[in-house]
Amino acid sequence: MTADIDFTAFFDATPSPYLMLDTDLVIRYVNTAYLQTTGLTRDQLIGKYFFDALPENPAPSDDSQQNLKASLRRVLDTGKPDTLVLQRYDIPALHQPGWFEERWWSEIHTPIPGPDGEVKWIVQRAEDVTAFVHSRRARHLTEELTEREKGMAAELYARAHELHRLNQELRQAHARERQVAVALQEAMLSAPDLDHHTGNIAVRYLPATTSLNVCGDWYDVVDLPPDRYAAAVGDVVGHGLHAAAVMGMLRSALSAAIRALPSPAQALEVLGLYARSLDGATAATAVKVLIDTRSRLIIYSSAGHPPPVLLHSDGTCELLNQATDPPLGARPHHVPRPQAGLSYTRGDTLVMYTDGLIERRDEDIDASLARLTTALAKDSTLAPDELADALLARLDVAGGAADDIALIVIRL
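Numbering (our numbering), first residue to last: 36 to 447.
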């Protein structure tokens with residue numbers, strides 16, 4: 036029998052400080068103890084990005100405060116709890132703007148998965164141990180503690196040291212997995228056969244700056260002689276080697292499908308059926324376009340993916356958003372996917388991308404798309420290679436972003 040428990044009342048009553056974050060590290064809940072410990076109000080915390088509400092103190096010369104951010108990202112990457120036994124993280128002084136108050140914490144970050152098994156929330160338990168660190172007893176352990184207390188202190192130190200060692204090994208393992216996953220991804224995303232399109236097509240792949248969501252994005256270009264070719268971009272939910280493997284299978288399947296069924300909607304129907312049988316492929320997104328150079332027509336279909344942009348030579352933009360359907364494998368029963376067409380003029384440019392290029396924390400998708408089209412309009416006369424680089428720079432992701440980025444720029 037399930038107990039009828041009001042968990043909000045439970046956390047508000049507990050004396051330990053608790054805070055809950057979403058996957059964007061935005062604060063969604065704090066209990067009373069957390070407010071009392073920090074001296075902040077709910078309005079100053081709820082709905083704020085953690086490191087905006089509690090910014091890092093720029094004064095310490097070491098990188099100790101970076102450990103907190105690294106710990107949160109490890110939880111997102113691994114889906115496993117992470118502990119910081121003794122961690123300095125200063126907080127803004129309440130009555131002295133611009134000043135920070137030295138604080139020491141013992142923190143545990145615990146993930147809460149959503150229905151899909153991916154991390155949905157992070158619970159932070161943050162015990163303030165500043166008084167202990169500053170106490171005379173902490174500075175003179177060998178002089179003031181009894182033999183029993185010395186033994187307990189030594190055991191605690193040994194456990195903390197072992198935990199630190201294990202965390203270091205975990206970080207190294209994640210770094211190795213990321214390197215392997217990125218290498219696999221780049222091998223599978225080797226430049227497509229563009230012999231007939233030299234100078235007219237540019238492709239880019241930028242792995243995520245952390246292992247979060249790395250290796251799920253892909254692109255593909257397929258020649259369909261004599262006068263057609265197809266292009267696609269897609270995004271697999273997940274990260275690491277598994278996401279890279281799923282990406283490779285979906286990319287290959289769609290590439291084969293468009294050769295047998297030169298209709299973007301039908302190709303995505305086939306891919307959707309395949310995705311339902313493939314572990315980790317459900318909820319992947321993709322958009323497929325077929326370009327007919329004789330009729331100067333773009334035929335396209337999208338499975339839950341951000342819309343491609345047709346950039347005209349005069350700088351105006353059109354979104355290819357008239358044939359959008361749910362992500363791959365999202366429907367329990369087969370339903371034909373929509374398809375739409377759009378004519379183009381020679382010299383126009385088609386831009387296809389994954390969401391890492393445009394999406395930003397706490398920003399509406401319409402604002403993200405507006406920023407994309409504004410950036411494209413400023414460089415509409417550039418050649419595809421130069422336009423791809425300029426676009427990444429204007430959107431401030433040339434050095435990578437929190438998510439993967441796949442990009443195709445096609446001069447039609």
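Idealized CB from N, CA, C, for every residue including glycine. Here the structure is a predicted model, which means the values were calculated and not measured.
From residue 309 to residue 90, what distance separates their C-alpha atoms? 46 Å
C-beta atoms of residue 376 and residue 445 nearer than 9 Å: no
So, do the stretch 268-282 and the stretch 311-322 have three or more beta carbon pairs nearer to each other than 8 Å? yes
Residue 339 - containing beta strand (DSSP E), residue span: Here residue 339 belongs to no beta strand (DSSP E), and DSSP marks it neither H nor E.
Helix, strand or coil for residue 468 per DSSP? There is simply no residue 468 to check, as the chain begins at 36 and stops at 447 in what is shown.
By how many angstroms is the C-alpha of residue 157 removed from the C-alpha of residue 323? 36 Å
Please work out which residues of its chain come closer than 6 Å, Cβ to Cβ, to residue 114, disregarding the five sequence neighbours upstream and downstream, and give them in chain order. 146 and 154
Should residue 299 be labelled buried (16 or more other beta-carbon atoms within 10 Å of its own) or exposed? buried
Just tell me which of 389, 435, 425 and 400 has its CA closest to the CA of residue 441. 389
Can you give the Cα-Cα distance for residue 137 and residue 43, rounded to whole angstroms? 30 Å
What would DSSP say about residue 131, mapped onto helix, strand or coil? coil
Nearest to residue 328 (by Cα), restricted to the options 49, 263, 405 and 287: 263
Exposed or buried, which one is residue 177 when buried takes at least 16 other CB atoms within 10 Å? Low confidence applies to residue 177: its pLDDT is 47, below 50, so where it sits in the model is not reliable enough to give any reading.
Please work out which residues of its chain come closer than 6 Å, Cβ to Cβ, to residue 165, disregarding the five sequence neighbours upstream and downstream, and give them in chain order. 138 and 139
Sort 130, 127 and 144 by Cα distance to residue 117 and report the nearest one. 144
Three-way DSSP call (helix, strand, coil) for residue 81 in this model: coil
Reducing DSSP to helix, strand and coil, say where residue 494 ends up. In the structure as shown, the chain starts at 36 and stops at 447, and residue 494 therefore has no counterpart that could be examined.
Check whether the stretch 396-416 touches the stretch 346-355, counting contact only when three or more Cβ pairs, one atom from each stretch, lie closer than 8 Å. yes
Alpha carbon to alpha carbon, how far is residue 10 from residue 358? Nothing about residue 10 can be read from this structure; the chain reaches only from 36 to 447.
Within 10 angstroms of the Cβ of residue 340, are there 16 or more other Cβ atoms? Answer buried if so, exposed if not. buried
So which of 54, 254 and 331 has the shortest CA-CA distance to residue 88? 54
From the DSSP output, read off the bridge partner residues of residue 391. For residue 391, which the question treats as bridged, DSSP gives no partner whatsoever.
Helix, strand or coil for residue 115? Go by DSSP, reduced to three states. coil
State buried or exposed for residue 239, treating a residue as buried only when at least 16 other CB atoms are found within 10 Å of its CB. buried
Minimum C-alpha distance to residue 261 - residue among 330, 253, 286 and 46: 330
Are residue 307 and residue 265 close, meaning C-beta to C-beta below 9 Å? no
Where residue 430 and residue 40 are concerned, what is the direct C-alpha to C-alpha distance, given to the nearest angstrom? 46 Å
Can you have a look at residue 72 and say buried or exposed, based on whether 16 or more other CB atoms are within 10 angstroms of its CB? buried
What are the boundary residues of the alpha helix (DSSP H) that residue 432 is part of? Counting along the chain, residue 432 falls outside any alpha helix (DSSP H), and DSSP gives it neither H nor E.
By the 10 Å Cβ neighbour count, where 16 or more other Cβ atoms means buried, how is residue 80 classified, buried or exposed? buried
Residue 259 and residue 294: beta carbons closer than 9 Å? yes
Going by C-alpha distance, which of 152, 123 and 151 is nearest residue 169? 123
Extent of the continuous alpha helix (DSSP H) run through residue 266: From DSSP, residue 266 is part of no alpha helix (DSSP H) but of the beta strand (DSSP E) over 263-270.
Residue burial classification, residue 370 (beta-carbon count within 10 angstroms, cutoff 16): exposed
In three-state DSSP terms, what is residue 164? coil
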